[in-house]
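In what follows, a single structure is set out as structure tokens and then discussed.
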Amino acid sequence: MHKSLIALAILSTAAHADEGMWMPQQLPQVAKQLKAAGLKLAPANLTKLTEFPMGAIVSLGGCSASFVSPQGLVATNHHCVYGSVAHNSTPERDLLANGFLAHDFGEELPASPGSRIFVTKAVTDVSKQVVTADVAKLSGKKRSDAIEKNQKAIQAECEKDEGHRCTVSSYYGGLEYYLIKQLEIRDVRLVHAPPAGVGKFGGDTDNWMWPRHTGDYGFYRAYVSKDGKAADFSKDNVPYLPQHYLKLAKQGVKEGDFIMVLGYPGRTNRHRLPSEVAYTFDWSYPAFVKTSAENLAIIADATKDNKDTALKYASQVASINNYYKNRQGMLDSYAGSDMLQRKTAEHEALKTWINATPARKAEYAGDIELVEKLIAQRDAETKRDYFLSSSKPRLLNTARMLYRLANENTKPDAERKAGYQVRDVPRIKSSVAALVRNYDEKVDKALVINSLSKYAALPAAQRNADFDAVIGIKDGMSKADLQAALDTLYAGSKLGDAAERTSWVGKTPEEFKASNDAFIKAAVAMYEPDMKEEAQEEELGGKLQQAYANYMKAKIAFMHSKGQAVYPDANSTLRVTFGQIAGRDHGADGTTWKAFTTVEGVAAKATGVGEFNAPKAQLAAIKAKDFGKYADPKLKSVPVAYLATLDITGGNSGSAALNAKGEWIGLAFDGTLDSIISDWDFNQANTRDIQVDLRYILWNMKHVDHADNLLKEMKAE
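Read in order, the letters of the sequence shown are residues -17 to -1, 1 to 700 in mature numbering (1 follows the signal peptide of the UniProt record, and there is no 0).
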């Protein structure tokens, strides 16, 4: 086996402990920092994915979570179960507003379609099998195709172990590849979610802010067949029995305590080039913020008189709001920073180092220059197609997906496009089924016409002629003309009917071509142009992978030469971050942020309406100081949330926070607004993340929601 560049890149004397989203196999390299920070467990034990505590950590495919009982109970954030709560809500039974508690297994509700619990079983370096000696000689689309072929073959071999989902993930811009093997639990059920007045307390006003008083927690349960195998939902299924689950901390945490978070951070961008920084903050994020504000206003207006439709879009609105505030916060931090200048200086220093010797110049210089050109091409194409991508009705995109599946189904499974293999069909079916509770034609039309009007106003040379032909777009069309064209398209389709949509899953290309359904006809007409465009993207992607990987190889070697550690950017794979519970001086307003908030802050903020609508039972318990055993002796109250010096990002939501002994002490759920820029530029002084304190979760479950059955199951009683 070749020695991983990840191992070579880590120097135990380099990075401060609080910075770094470490792969489990890297932890022995930072053992000294872990022990110095206060970890009582042996750092090497954290590399063992099927042992404690790593064996208790799971992914929800977008959020993190963990087993917290021997009967497959899974703890995560409220905003991670939000979609399932919304899916099961109706105007008559509004679980979002009122919360949900299953008192026994029989009362648990199926989670939203497509919900999964992934238990990581193994991580294996497969770099040499993905980029073989033959692949290394290829470029462009041939390289992209060869890499994908090897990835699919590795995944297929891994998935011969029935019930598992295997993914080959890229690290360091395609420099390394690791095979992630996960048990894929498909029967996921909603067990408990507090009312929105707890789980979403503060709403978008408090999102990314401190002090925070949000009880951001919720519970799922994993179910399997009676023989313990992953299975689709069935009343005959039984709770999954995990080999390991987290034990509740015997003592509450305090400022200065060691803390680590185990989870699946989505994406960071700390290794990006200066040109990528400039593109993102000068154009991409501002465009996103503008569009998000428009979409939020459109959805609000279109759903204001229909509670059922509002519930259908509640999860999407929450997601848009979250990213809207996130991106605006990043823009605000960037505006007052010297990030671009520093990134530019670092990049120039890298190029100087490369050009200092003939050998390094020969190995790296060409790709450093090439990667800049390829990125500029990619960014220009993204700008050109910005309004096009959001101008397609959701049912048209569904039809395109289903017709693509029909075409891929005519090939042997190994030759099908990734995302359309046999392993992907359940996901596709789930996405079609989910439209029942997250789609409304009126809302969709309003969103589409907003984007389509801007797209149609572009010069013909900047538009997509094939899409124009499908919609009927011509130069100079008024908004009324565009609306009429859209109305005709929607009216000519039956895909708005759930049974009709489902019937198209698995049909043949010939059946699609024979259809008179407007969206199906449009999907068929767009297929060949789509394939041509995809081939062009893969040509660019193959060239970029090759050049970017060599850029990262150069950067790792350069940083290594300076004695600096290099951890890979987050990519939704299992990571560990550690630090201390700590407040901070908040330089912007001269105040000091205390490390903890308490339930008195809930009462102080509660207005009884909107985002601060705390339940009456909770407020009564706070007023009566009915804290039971969950009061902190120093705070003389129940702590709600606390700050820590941890390096997290989106995807870490729901991650278990553990103390020095590996005991459960809370759930990570957010960062502070001025520190989220750390996705691009880690700031040691400012960066703080926010956890909901386990004591608040347990207190709320005991004294407000009376979830005694779950407390007993978790051995909290």
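All C-beta atoms in this analysis are idealised placements derived from N, C-alpha and C, irrespective of residue type, glycine included.
Ignoring anything shorter than 4 residues, give me the alpha helix (DSSP H) runs that lie fully in the stretch 597 to 674, in order along the chain.
If we require 4 residues or more, the alpha helix (DSSP H) runs fully inside the stretch 597 to 674 come out as 599 to 606.
Residues near SER578 in its chain [Cβ-Cβ closer than 7 Å; skip 5 each side]:
Against the sequence shown, residue 578 aligns to sequence position 595. The amino acid occupying residue 578 in the given sequence is Ala; Ser does not appear at that position. Cβ neighbours of ALA578 beyond the five flanking positions: GLU238, ILE564, ALA565, GLY566, TYR625, LEU626.
Using a 10 Å radius around the Cβ and a threshold of 16 neighbouring Cβ atoms, would you call ASP630 buried or exposed?
One-based indexing of the sequence shown puts residue 630 at position 647. With 16 or more neighbouring CB atoms inside 10 Å of its own CB, ASP630 falls in the buried class.
Using the Cα positions of ALA429 and ALA505, report the straight-line distance between them to the nearest angstrom.
As a working note, residue 429 is residue 446 in the sequence shown. As a working note, residue 505 is residue 522 in the sequence shown. Rounded to the nearest angstrom, the gap between the Cα atoms of ALA429 and ALA505 is 20 Å.
Decide if PRO26 is buried, meaning its Cβ has at least 16 other Cβ atoms within 10 Å, or exposed.
In the sequence shown, the residue the question calls residue 26 occupies position 43. Buried, since its Cβ has 16 or more Cβ neighbours within 10 Å.
Just the Cα atoms here: how many angstroms apart are ALA14 and GLY633?
Your numbering for residue 14 matches position 31 in the sequence shown. Your numbering for residue 633 matches position 650 in the sequence shown. Near 26 Å, if we compare the C-alpha coordinates of GLY633 and ALA14.
Alpha-carbon spacing of LEU681 relative to LYS230, whole angstroms
In the sequence shown, the residue the question calls residue 681 occupies position 698. In the sequence shown, the residue the question calls residue 230 occupies position 247. Going by C-alpha positions, LEU681 is about 13 Å away from LYS230.
Residues that DSSP places opposite SER208 in a beta bridge
Within the sequence shown, numbered from 1, the residue matching residue 208 stands at position 225. Its beta-bridge partners do not exist; DSSP assigns none.
Which first and last residues belong to the alpha helix (DSSP H) in which CYS149 is found?
The residue labelled residue 149 in the question sits at position 166 within the sequence shown. Judged by DSSP secondary structure, CYS149 falls outside any alpha helix (DSSP H) and instead within the beta strand (DSSP E) spanning 147 to 154.
Give the single residue among TYR223, GLU277, ALA600, ALA179 whose Cα lies nearest to the Cα of ARG172.
As a working note, residue 172 is residue 189 in the sequence shown. Minimum Cα distance to ARG172 is reached at TYR223.
According to DSSP, is ALA589 helix, strand or coil?
Reading the sequence shown from its first residue, position 606 is the one you call residue 589. ALA589: coil per DSSP, three-state reduction.
Local conformation of GLU521 per DSSP, three classes:
For the purposes of this step, residue 521 is taken as the residue at position 538 of the sequence shown. The three-state secondary structure of GLU521, taken from DSSP, is helix.
By Cβ distance below 8 Å, which residues in the same chain neighbour residue 702 in space, the five residues on each side in sequence not counted?
Absent from the structure is residue 702, since the part of the chain shown begins at -17 and ends at 700.
In chain order, which continuous runs of the alpha helix (DSSP H) of length 4 or greater are located wholly inside the stretch 296 to 379?
Counting only runs of 4 or more, we get 297 to 318, 322 to 337, 349 to 367, 369 to 372.
Would you list, in sequence order, the uninterrupted beta strand (DSSP E) runs of no fewer than 3 residues that lie entirely inside the stretch 235 to 300?
Inside the stretch 235 to 300, DSSP marks whole beta strand (DSSP E) runs of 3 or more residues at positions 241 to 246, from first to last along the chain.
Along the chain, where does the alpha helix (DSSP H) containing ALA429 start, and where does it finish?
The residue given as residue 429 occupies position 446 in the sequence shown. Unbroken alpha helix (DSSP H) run through ALA429: 424 to 439.
Taking 7 Å as the cut-off, decide whether the C-beta atoms of ILE659 and GLY97 are in contact.
Residue mapping note: residue 659 aligns to position 676 of the sequence shown, counting from 1. Residue mapping note: residue 97 aligns to position 114 of the sequence shown, counting from 1. Cβ distance not < 7 Å, so ILE659 and GLY97 don't count as in contact.
Taking the alpha-carbon positions, what's the ASP362 to LEU78 distance?
Within the sequence shown, the letter at position 379 stands for residue 362. Within the sequence shown, the letter at position 95 stands for residue 78. Roughly 43 Å between the two C-alpha positions.
Going by DSSP, which residues form a beta bridge with GLY201?
Within the sequence shown, residue 201 is the residue found at index 218, counting from 1. DSSP output for GLY201 lists THR59 as bridge partner(s).
Which runs of the alpha helix (DSSP H), 4 residues or longer, sit entirely within the stretch 30 to 81?
Under the rule that a run must span 4 or more residues, the alpha helix (DSSP H) segments found entirely inside the stretch 30 to 81 read 61 to 70, 78 to 81.
For my contact list, GLN528 and SER47 are in at a C-beta cut-off of 8 Å; report their separation, rounded to the angstrom.
Along the sequence shown, read from residue 1 onward, the residue named residue 528 stands at position 545. Along the sequence shown, read from residue 1 onward, the residue named residue 47 stands at position 64. Rounded, the Cβ-Cβ distance is 28 Å, inconsistent with contact.
Rounded to whole angstroms, what's the CA-CA distance from ALA94 to VAL57? Just pull it up for me.
Residue numbering aside, residue 94 sits at position 111 when the sequence shown is read from its first letter. Residue numbering aside, residue 57 sits at position 74 when the sequence shown is read from its first letter. Cα to Cα, ALA94 sits roughly 13 Å from VAL57.
CA nearest to the CA of LEU84, picked from ASP552, ARG383, VAL68:
For the purposes of this step, residue 84 is taken as the residue at position 101 of the sequence shown. In terms of Cα proximity to LEU84, the closest of ASP552, ARG383, VAL68 is VAL68.
Inter-residue CB distance, GLY645 and LEU32 (contact presumed, cutoff 8 Å):
Translated into positions along the sequence shown, residue 645 becomes position 662. Translated into positions along the sequence shown, residue 32 becomes position 49. Wrong, their Cβ atoms sit about 14 Å apart, outside the cutoff.
Status (buried if at least 16 other CB within 10 Å, exposed otherwise) for PRO341:
As a position in the sequence shown, residue 341 is number 358, starting the count at 1. PRO341 should be labelled exposed.
With distance defined between alpha-carbon atoms, name the residue in GLN445, ASN635, MET322, ASP427 nearest to LEU296.
As a position in the sequence shown, residue 296 is number 313, starting the count at 1. Strictly speaking, residue 296 in this sequence is Tyr, with Leu absent from that position. It is ASP427 whose Cα lies nearest to the Cα of TYR296.
Selection from GLU493, ALA474, ILE432 that minimises the alpha carbon distance to LEU465:
Against the sequence shown, residue 465 aligns to sequence position 482. Looking at GLU493, ALA474, ILE432, the one whose alpha-carbon comes closest to that of LEU465 is ILE432.
Among residues of its own chain, excluding the 5 on either side of LYS209, which ones have a beta-carbon nearer than 8 Å to its beta-carbon?
In the sequence shown, residue 209 corresponds to position 226, counting from 1. Within the same chain, and ignoring the five residues on either side of LYS209 in sequence, the residues whose Cβ sits closer than 8 Å to its Cβ are ASP219, ASN220, VAL221.
Quick one: measure Cβ to Cβ for VAL244 and SER638, integer angstroms, because I've assumed they're closer than 8 Å.
For this step, residue 244 is matched to residue 261 along the sequence shown. For this step, residue 638 is matched to residue 655 along the sequence shown. Yes, they are in contact, since the Cβ atoms of VAL244 and SER638 sit about 5 Å apart, within 8 Å.
Which first and last residues belong to the beta strand (DSSP E) in which THR103 is found?
Here residue 103 is taken as the residue at index 120 of the sequence shown, counted from 1. If you look at THR103, you'll find it in the beta strand (DSSP E) that goes 100 to 108.
Select from TYR473, LYS104, ALA467, VAL118 the residue whose C-alpha is nearest the C-alpha of ARG148.
Mapped onto the sequence shown, residue 148 falls at position 165. Taking only the C-alpha atoms, the option nearest ARG148 is LYS104.
If you reduce the DSSP assignment to three classes, tell me which class GLY562 lands in.
What you label residue 562 is simply residue 579 of the sequence shown in a count that begins at 1. Assignment of GLY562 by DSSP, reduced to helix, strand and coil, places it in the strand class.
Please state the DSSP three-state secondary structure of ASP470.
Taking the sequence shown and counting its residues from 1, the one referred to as residue 470 is at position 487. Residue state, collapsed to three classes: helix.
Are the stretch 109 to 125 and the stretch 138 to 147 touching, with three or more C-beta to C-beta distances below 8 Å?
Not touching, per the Cβ criterion.
Sequence-distant residues of its chain with Cβ nearer than 8 Å to LYS526 (five each side left out):
Locating residue 526 in the sequence shown gives position 543, where the first residue counts as 1. Correct list, in chain order: SER122, GLY123, ARG126, LEU353, LEU357.
DSSP on TRP487, reduced to helix/strand/coil?
Taking the sequence shown and counting its residues from 1, the one referred to as residue 487 is at position 504. DSSP places TRP487 in coil when its eight states are reduced to three.
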